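Residue numbers 904 to 1577, in the working numbering, belong to the letters of the sequence shown in order. Think of the CB as a built atom: it goes at the ideal place given N, C-alpha and C, for glycine as much as any other residue. Just so we're clear, the structure is a prediction, and the values are computed from it rather than from any experiment.
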Amino acid sequence: MTQALTSTLRAVDYLRVSTEQQKQGYGISYSAKKTAKYIERKGWAHVGTFKDEGVQGSLSWQEREDAQKLMKLARQEPKPFDVVTVHETRAIGRTDRAFYRWVWELQDLGIFVAIADKDIDNTTEDGEAAMREEANYAFKEYTRIRVRTQNGIQEKAEEGGHPGGATPYGWRIENQGKKGESRLVLDTCPADEHCTATHETDVLGRAWHLIVLEHKNRRQAAMTLNAEGFRTRSGKLWTEGNLGRKLQSRAVQEARMIYRNPETAGKSNGTKLGMDGQPANGQTVVIDLPRLFSEAEVARLNKALARNSRSRRPASEGGIHPLSKRVFGACGKYYTGLDRCDRPGRMYRCTGKTEAYPGAQVCNCSQVDADALEERVWAEVRSMLEDPDRLTRMAHDWLDLATGQKVNHAERIADLDKKIEAQDDAIAAMMVLAAKQRKSPEAVAKATKTLEDEREELVRLRAEAAAWQQESELAERRAHDLQALADMARTRMAHMTPEEKAEVCDLLDLKVTMTGPVPKKVRADDTLSAWFRERGRPVPVLDDAAWEKVRGIFEGADVRNRRDRLPHRMVLEAVLMKARTGLPWKELPTEYGKTTGLTTRYQRWMASGLFEEAMEALVDCEGTPLPSQYPLPPLVVEGKIDPRLLIRVPEAPQQAVTSARVMSQGNSWVAVMR
């Protein structure tokens, strides 16, 4: 871009501040005043404002709500604005990926970027170089601050001090705010003061007494604590789960806490891991704490907790629930998997049935059989993923969206190559001049340092652009090869393990909503329905052709001198109707006679083997499936599709996966299942 900005241009300002900036008083309004004055001074028309408040600068624009709205408008024709103005560089982003991808994409769309506090823009090569230099300085400063902060926290943790964050329940920070003196101590009354306040150690001690000495379970102990006026740290009532977590915490059990614990990776506010699987910001540190309970007291507590705990089936015995947290009931709460040793099978249970505190009101959502629900939902997922036409339409949408977000990497790389070549020429010319002037090596190095730093930055950007280009090309190849993906899906979907199904549900961002109550469970199998279920057979339809196949089997059967004297065909029809519908004998139509007559005839047939002989004769006839033991309510199944999930491909860099997932969010399907 070589044209200059003029007074006729239309400008929007993009305002972003992090939560930390807000705490320091630099909110959206502060940035808005600065950008508005800058736009006015430039003589541009201020046509809009976009705000992302409390958003980290390391996130790409695809992960910021208002930035997405801005880019959607930027792709419109004619363009609704010509320049995007920010207050400072870090408003665009505090990492290379967040900054350059956005700026480059706006450039390719013909839209300029201006940074108000530095009065620079990218409309000329000099302005673009100044913006690159400013961005590079901001990134390095951000990295220096981050490293310095993390090193300080690491040192503090290694010395046994509190590194920050919430303290374990039962402990408090002593000498808080005093550099080098803060420590974690038990939350008890000071030894030299008369204190009437309730401390967290008092709560844990009372809970130990209730569970160990009074033999109460966790729910009963929580109810007693609430009745006695004890509250959690946040002032809420105690729950069975909350109390159990406090008593089984590492601090209570082992008298220690682990800072930067790799086991918490992937969890909310958990430890961030690097490429080597180790904590990214420093080493793991174990901090010893003063003991609340002795080892003997902890052993007694654990024995009492185990005595009153609800045993659950280990995951190795089938405790995987792919739809956990993805099924929503009539009350609006989600269902989770339930595997208990005191009952057979797997179930899904609504979390609305969990008490907010002991004695609180709960919902009346019924449990749902896991096998029946998963089979029904998975059938819809398969029908969608195994439909080539449906997949092709979705993949085209996905590819169009990916292409719409793609920067012109080839042109960018060629431009950077020219700049690197020009920088090499400048460095060579500087060295020739220094040689003619017979300057010392130190003077030559000093003279060329700025040029060398600039060249290093250009080379780094060129490598980033090449990596991004490779990611985009890989995404296009995956989408265009959809027919092969669909063929593989048809062979893979039927044989996926529960773990693989859970992974697919995650990739699809699956959501299942029950639009009606869960029907009552069909009565337990009797010998008749069990006969068909155990053999995996449908119930034969007794039409004229089918009856002719078994007529000879029943002709010699004795009807006996009973009042009903029902024909064998009518009795057989009644028996098969019961098997097909699951109705009790007494609820069959009255035309089949009295219940005792039907049951007596059926029992005689089963005892003599006549019934089994007849069913073997009808094995090839048309049949209907048995009714489900666990009927399901009407369901709405929703999901999002990304062609990557249909085939196992070599792992791409993490940033590529993240970008592809963002791009696939618009491609969804909804299935209504009645």
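TODO: Determine the burial state of residue 1499: buried for a count of at least 16 other Cβ atoms within 10 Å of its Cβ, exposed for fewer.
DONE: Label assigned to residue 1499: exposed.
- [ ] Going by CA-CA distance only, name the one from 1320, 987, 931, 1276 that's closest to residue 951.
- [x] Measuring from the Cα of residue 951, the nearest candidate turns out to be 987.
Task: Extent of the continuous alpha helix (DSSP H) run through residue 1412 - done: It is not in any alpha helix (DSSP H) - residue 1412 carries neither H nor E in the DSSP assignment.
Task: DSSP bridge partner residues for residue 1192 (one or two, in chain order) - done: Answer is none; residue 1192 lacks a bridge partner.
Task: Which listed residue (1274, 1004, 1537) has its alpha carbon closest to that of residue 1401 - done: When the alpha-carbon of residue 1401 is set against those of 1274, 1004, 1537, the nearest one is in 1274.
Open item on the list: Tell me which residue opens and which closes the alpha helix (DSSP H) that residue 1399 is part of.
Closed with: Element bounds for residue 1399: n/a, residue is neither H nor E.
TODO: Assign residue 1086 to one of three DSSP states: helix, strand, or coil.
DONE: Reduced to three states, the DSSP call for residue 1086 is strand.
- [ ] Output the distance between the C-alpha atoms of residue 1446 and residue 1471, rounded to the nearest integer angstrom.
- [x] Residue 1446 and residue 1471 have their C-alpha atoms roughly 14 angstroms apart.
Task: The alpha helix (DSSP H) enclosing residue 1330, as first and last residue numbers - done: Residue 1330 -> alpha helix (DSSP H) spans 1312-1339.
TODO: Report buried or exposed for residue 1224, applying the criterion of at least 16 other Cβ atoms within 10 angstroms of its Cβ.
DONE: Result: buried.
Task: Own chain, CB closer than 7 angstroms to residue 1551, minus 5 neighbours either side, in chain order - done: Caution applies to residue 1551, whose pLDDT of 41 falls short of 50 and renders its modelled position unreliable; the value that the coordinates give is listed next. Answer for residue 1551: no residue qualifies.
TODO: Give the DSSP-derived three-state secondary structure of residue 1261 in the structure shown.
DONE: DSSP, read as helix, strand or coil, puts residue 1261 in coil.
TODO: Mind checking which residues open and close the alpha helix (DSSP H) that includes residue 953?
DONE: No alpha helix (DSSP H) holds residue 953; the beta strand (DSSP E) holding it covers 948-956.
Task: Three-way DSSP call (helix, strand, coil) for residue 919 in this model - done: Here residue 919 sits in strand by DSSP.
Task: DSSP bridge partner residues for residue 1030 (one or two, in chain order) - done: DSSP lists no partner for residue 1030.
Task: Residue(s) in a DSSP beta bridge with residue 1443 - done: Residue 1443 is bridged to 1526.
- [ ] Please name the residue in 916, 1126, 1073 whose C-alpha comes closest to that of residue 1015.
- [x] The option with the nearest alpha carbon to residue 1015 is 916.
Open item on the list: Quick check on DSSP: helix, strand or coil for residue 1515?
Closed with: Note: residue 1515 maps to helix in three-state DSSP.
TODO: Compute the beta-carbon to beta-carbon distance between residue 1155 and residue 1073, rounded to the nearest angstrom, for a pair I have assumed lies under 8 angstroms.
DONE: The pair is a contact, with the Cβ atoms about 7 angstroms apart (cut-off 8 angstroms).
- [ ] Kindly indicate the opening and closing residues of the alpha helix (DSSP H) around residue 995.
- [x] Segment 992-995, the alpha helix (DSSP H) holding residue 995.
- [ ] Measure the Cβ-Cβ separation of residue 1187 and residue 1162 and say whether it is below 9 angstroms.
- [x] Yes, Cβ-Cβ distance for residue 1187 and residue 1162 is below 9 angstroms.
TODO: Could you check if residue 1602 is buried or exposed, using at least 16 other CB atoms within 10 Å of its CB as the buried criterion?
DONE: Within the shown structure, residues of the chain are numbered from 904 to 1577, placing residue 1602 beyond reach of any answer.
Open item on the list: Quick test of your reading: residue 1441 and residue 1526, contact by CB under 8 angstroms. State the CB separation rounded to the nearest angstrom.
Closed with: Confirmed, Cβ separation roughly 3 angstroms.
Open item on the list: For the structure I just gave you, are there three or more beta carbon pairs, one from the region 1356-1375 and one from the region 1316-1335, closer than 8 angstroms?
Closed with: Contact holds: three or more Cβ-Cβ distances are below 8 angstroms.
TODO: Could you have a look at residue 1504 and say whether DSSP puts it in helix, strand or coil?
DONE: Note: residue 1504 maps to helix in three-state DSSP.
Task: Local Cβ density within 10 Å of residue 914, reported as buried at 16 or more and exposed below that - done: The residue in question, residue 914, is buried, as its Cβ has 16 or more Cβ neighbours within 10 Å.
Task: Reduced DSSP secondary structure (H/G/I, E/B, other) of residue 1455 - done: Looking at residue 1455 - three-state DSSP - the assignment turns out to be helix.
Task: Contacts around residue 1478, its chain only, beta-carbon distance under 6 angstroms, and the 5 residues preceding and following it disregarded - done: Same-chain partners within the cutoff: 1505.
Open item on the list: As a quick exercise: from 1164, 1010, 967, 1029, pick the residue whose alpha carbon is nearest that of residue 985.
Closed with: Comparing Cα positions, the closest option is 1010.
Task: Cβ shell of residue 905 (< 8 angstroms), same chain only, five flanking positions each side left out - done: Model confidence at residue 905 stands at a pLDDT of 43, short of 50, so the residue's coordinates are unreliable; what they give is reported in the following sentence. Here residue 905 has 1026, 1027, 1028 as same chain residues with Cβ atoms under 8 angstroms from its own Cβ, once five neighbours each way along the sequence are excluded.
TODO: Would you decide whether residue 1022 is buried or exposed? Buried here means 16 or more other CB atoms lie within 10 Å of its CB.
DONE: Exposed is the label assigned to residue 1022, since fewer than 16 other Cβ atoms lie within 10 Å of its Cβ.
Task: Selection from 1524, 1012, 1318 that minimises the alpha carbon distance to residue 1453 - done: Of the listed residues, the one whose Cα sits closest to residue 1453 is 1524.
- [ ] Report the partner residues of residue 1491 according to the DSSP bridge assignment.
- [x] Paired residue(s): none; residue 1491 is not in a bridge.
Open item on the list: Tell me the DSSP secondary structure of residue 962 in three-state form.
Closed with: The DSSP-derived three-state label of residue 962 is coil.
Task: Alpha-carbon spacing of residue 1262 relative to residue 1125, whole angstroms - done: Cα-Cα distance, rounded: 10 angstroms.
Open item on the list: Just to check my reading of the structure: residue 1347 and residue 1337 have Cβ atoms closer than 8 angstroms, yes? What is that Cβ distance to the nearest angstrom?
Closed with: Rounded to whole angstroms, the Cβ separation of residue 1347 and residue 1337 is 4 angstroms, and the two are in contact under 8 angstroms.
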